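Chains as they are written, first to last, in my numbering: chain A, 3 to 194; chain B, 3 to 194.
Heads up, the beta-carbon is just placed ideally off N, CA and C, and yes, glycines get one too.
In this text the structure is predicted, and so the values were computed from the model without any measurement.
Input: a single structure, listed below in structure tokens.
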DNA sequence: GTCTATAAACGGATAGAC
DNA sequence: GTCTATCCGTTTATAGAC
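Here's what the structure looks like:
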């Protein structure tokens with residue numbers, strides 16, 4: 003393998019990590035290819051070697067986590083008891099937040115993400131609705147619906163907030179899970 | 003008064019309302035002056051008559067609510083008992099969300115807002131920190147800190163979410179307040 | 001108060017050399 | 001795999017007419 007080819011995947015990974023950092027800092031629409039290229043120390047043309055359009059970068063940054071979320075929702079829907087559905091979804095969502103931190107906050111609040119992936123990844127809006135549906139159940143009360151929206155947005159943004167970036171994964175996961183369960187009226191675990 | 007002057011304030015108000023709508027839909031950076039002008043049925047040059055730069059529009063859209071928030075935080079800080087500080091801040095914040103809906107969600111999550119106003123409005127980041135400080139108090143526990151971040155982000159985004167846009171002000175305020183108090187460990191009110 | 005016209009810069013994107 | 005150079009559409013912003 004030549005020196006040229008050697009770092010292809012490494013550069014691609016660095017590019018995605020850099021793009022994510024800039025996206026969370028400036029928003030997707032507020033981040034230009036020039037900014038990404040500059041941060042990487044290459045030119046715009048080099049970026050275009052790895053991705054043929056900006057939307058592709060946005061999709062590549064968010065898709066892995068979105069696919070995971072899709073699986074989490076499907077697994078939760080497959081649970082038989084209502085309580086288990088909520089527990090499964092909440093645990094999975096919090097775990098996703100903790101492992102991806104800023105990413106979940108990004109696609110929870112940045113309109114640029116939705117715009118960029120609407121032609122690619124399977125129905126983003128539909129996934130959100132299924133997420134809420136699992137949390138509120140059939141014939142939801144208003145209180146439950148509002149609590150579900152507060153929980154989803156709050157957990158995602160708090161998990162990606164710089165103020166909590168210093169917390170280790172296990173600590174953050176336990177705290178977010180406890181708050182989520184409190185919000186949704188699920189019993190807290192006695193021990194860990 | 004001439005016909006030209008007559009609608010000056012009316013146009014300015016319509017412009018700000020239109021800009022807010024587009025900002026929440028596409029994000030600040032994802033909204034161009036051309037989009038605002040088109041939505042208003044005027045040209046870009048007409049927009050520039052009212053505001054000499056895009057950042058000024060962003061600032062004008064957000065500043066009224068930010069000034070209110072500044073007052074709310076100051077009033078809360080002036081309370082003598084800890085419980086009263088939290089109660090005051092929470093009630094004020096929720097009321098602000100309900101009256102401005104999408105606006106609070108906007109400056110809670112859109113990086114474009116922070117960028118646009120950092121040279122104008124007095125310390126935005128500082129205000130956020132004072133807000134959190136009131137909620138968590140001196141020597142805060144981790145659980146409280148995380149809960150405060152979840153509450154602030156969750157209430158703001160849920161309050162501006164399209165899914166809850168149909169709720170009337172009184173209903174939304176009561177629901178958000180109850181959830182906020184539950185999150186922050188404050189006793190719920192018995193009656194309304 | 002709004003328009004047309006235009007300048008200057010920046011954005012995304014491509015061609016072709018090395 | 002990265003570079004220089006370039007294209008083109010769009011964006012912010014200004015000048016000046018009505």
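Exercise. Are any of the Cβ atoms in chain A nearer than 8 Å to that of residue 165 of chain B?
Worked result: Here residue 165 of chain B refers to the residue found at position 163 when the second chain is read from its first residue. Under the Cβ distance rule, residue 165 of chain B counts among the residues neighbouring chain A, one pair being separated by less than 8 Å.
Exercise. Does the beta carbon of residue 112 of chain A come closer than 8 Å to any beta carbon on chain B?
Worked result: Indexing the first chain from 1 puts residue 112 of chain A at position 110. Closer than 8 Å to some Cβ of chain B, the Cβ of residue 112 of chain A qualifies, so yes.
For this session: Please classify residue 208 of chain A: does DSSP put it in a helix, a strand, or coil?
Result: Look at the range of chain A in this structure, 3 to 194, and you will see that residue 208 of chain A is not part of it.
Problem set entry | Beta-carbon separation (whole angstroms), residue 96 of chain B vs residue 186 of chain B, contact threshold 8 Å | As a position in the second chain, residue 96 of chain B is number 94, starting the count at 1. As a position in the second chain, residue 186 of chain B is number 184, starting the count at 1. Not quite, the Cβ-Cβ distance comes to about 12 Å (not below 8 Å), so this is no contact.
Exercise. How many whole angstroms separate the CB atoms of residue 151 of chain A and residue 18 of chain B, which I take to be in contact at a CB cut-off of 8 Å?
Worked result: Taking the first residue of the first chain as 1, we reach residue 151 of chain A at position 149. Taking the first residue of the second chain as 1, we reach residue 18 of chain B at position 16. So it is not a contact: roughly 26 Å between Cβ atoms.
For this session: Could you check the C-alpha separation between residue 62 of chain A and residue 170 of chain B for me, to the nearest Å?
Result: For the purposes of this step, residue 62 of chain A is identified with residue 60 of the first chain, where counting begins at 1. For the purposes of this step, residue 170 of chain B is identified with residue 168 of the second chain, where counting begins at 1. Approximately 40 Å between the Cα atoms of the pair.
Exercise. Mind listing which residues of the segment 168-184 of chain B have their C-beta closer than 9 Å to chain A's C-betas, in chain order?
Worked result: Under the 9 Å Cβ criterion, the segment 168-184 of chain B contributes 169, 173, 174, 177, 178, 180, 181, 182 and 184.
Exercise. How long is the line joining the alpha carbons of residue 174 of chain A and residue 58 of chain A, rounded to whole angstroms?
Worked result: Working through the first chain from its first residue, we reach residue 174 of chain A at position 172. Working through the first chain from its first residue, we reach residue 58 of chain A at position 56. Those two C-alpha atoms are separated by around 31 Å.
Exercise. Which chain B residues are close to residue 229 of chain A, counting only those with a beta carbon under 7 Å from its beta carbon?
Worked result: The structure shown does not extend to residue 229 of chain A, since chain A is modelled only from 3 through 194, so no value can be given for it.
Problem set entry | For residue 163 of chain B, the three-state DSSP class (helix, strand or coil) | The residue given as residue 163 of chain B occupies position 161 in the second chain. Coil.
For this session: Give the single residue among A/48, A/112, A/90 and A/16 whose Cα lies nearest to the Cα of residue 155 of chain A.
Result: Against the first chain, residue 155 of chain A aligns to sequence position 153. Put simply, of A/48, A/112, A/90 and A/16 the residue whose alpha carbon is nearest the alpha carbon of residue 155 of chain A is A/112.
For this session: For the alpha helix (DSSP H) containing residue 109 of chain A, list its first residue and its last residue.
Result: Against the first chain, residue 109 of chain A aligns to sequence position 107. Per DSSP, the continuous alpha helix (DSSP H) segment holding residue 109 of chain A begins and ends at 104-111.
Exercise. DSSP state of residue 53 of chain A, grouped into three classes?
Worked result: Counted from its first residue, the first chain places residue 53 of chain A at position 51. Assigned with DSSP and collapsed to three states, residue 53 of chain A falls in coil, not helix or strand.
Problem set entry | Cα-Cα separation between residue 72 of chain B and residue 148 of chain A, rounded to whole angstroms | What you label residue 72 of chain B is simply residue 70 of the second chain in a count that begins at 1. What you label residue 148 of chain A is simply residue 146 of the first chain in a count that begins at 1. Residue 72 of chain B and residue 148 of chain A have their C-alpha atoms spaced approximately 26 Å apart.
Exercise. Hey, is the segment 21-30 of chain B in contact with the segment 80-87 of chain B, meaning 3+ C-beta pairs nearer than 8 Å?
Worked result: Result no; under three Cβ-Cβ pairs closer than 8 Å.
For this session: Taking only the alpha-carbon atoms, compute the straight-line gap between residue 190 of chain B and residue 181 of chain B and give it to the nearest angstrom.
Result: Taking the second chain and counting its residues from 1, one reaches residue 190 of chain B at position 188. Taking the second chain and counting its residues from 1, one reaches residue 181 of chain B at position 179. So the alpha carbons of these two residues sit roughly 9 Å apart.
Exercise. Can you tell me the Cα-Cα spacing of residue 81 of chain B and residue 25 of chain A, whole angstroms?
Worked result: Looking up residue 81 of chain B in the second chain gives position 79. Looking up residue 25 of chain A in the first chain gives position 23. Computed Cα separation, rounded: 39 Å.
Problem set entry | Boundaries (first-last residue) of the alpha helix (DSSP H) holding residue 128 of chain B | As a position in the second chain, residue 128 of chain B is number 126, starting the count at 1. Element bounds for residue 128 of chain B: 126-138.
For this session: Mind listing, in chain order, the continuous alpha helix (DSSP H) runs of no fewer than 4 residues lying wholly within the segment 65-103 of chain B?
Result: Inside the segment 65-103 of chain B, DSSP marks whole alpha helix (DSSP H) runs of 4 or more residues at positions 84-102, from first to last along the chain.
Exercise. Residues in the segment 17-40 of chain B with C-beta within 7 Å of chain A's C-beta atoms, listed in sequence order?
Worked result: The residues in question are 27, 28, 29, 31 and 32.
For this session: Could you check what DSSP says for residue 3 of chain A in three-state terms: helix, strand or coil?
Result: Looking up residue 3 of chain A in the first chain gives position 1. A caution first: residue 3 of chain A carries a pLDDT of 49, below 50, which makes its placement in the model too unreliable to give a value.
Exercise. DSSP state of residue 115 of chain A, grouped into three classes?
Worked result: Residue numbering aside, residue 115 of chain A sits at position 113 when the first chain is read from its first letter. Helix.
Exercise. Between the C-alpha atoms of residue 11 of chain B and residue 52 of chain B, what's the straight-line distance to the nearest angstrom?
Worked result: The residue given as residue 11 of chain B occupies position 9 in the second chain. The residue given as residue 52 of chain B occupies position 50 in the second chain. Spanning the two alpha carbons is a distance of roughly 9 Å.
Exercise. Among B/153, B/60 and B/122, which has the Cα closest to the Cα of residue 108 of chain B?
Worked result: For the purposes of this step, residue 108 of chain B is taken as the residue at position 106 of the second chain. Looking only at B/153, B/60 and B/122, the smallest Cα-Cα distance to residue 108 of chain B is reached by B/60.
For this session: Give the C-beta separation of residue 161 of chain A and residue 74 of chain A to the nearest angstrom, bearing in mind that I take them to be a contact with Cβ-Cβ under 8 Å.
Result: The residue you call residue 161 of chain A lines up with position 159 of the first chain. The residue you call residue 74 of chain A lines up with position 72 of the first chain. Wrong, their Cβ atoms sit about 15 Å apart, outside the cutoff.
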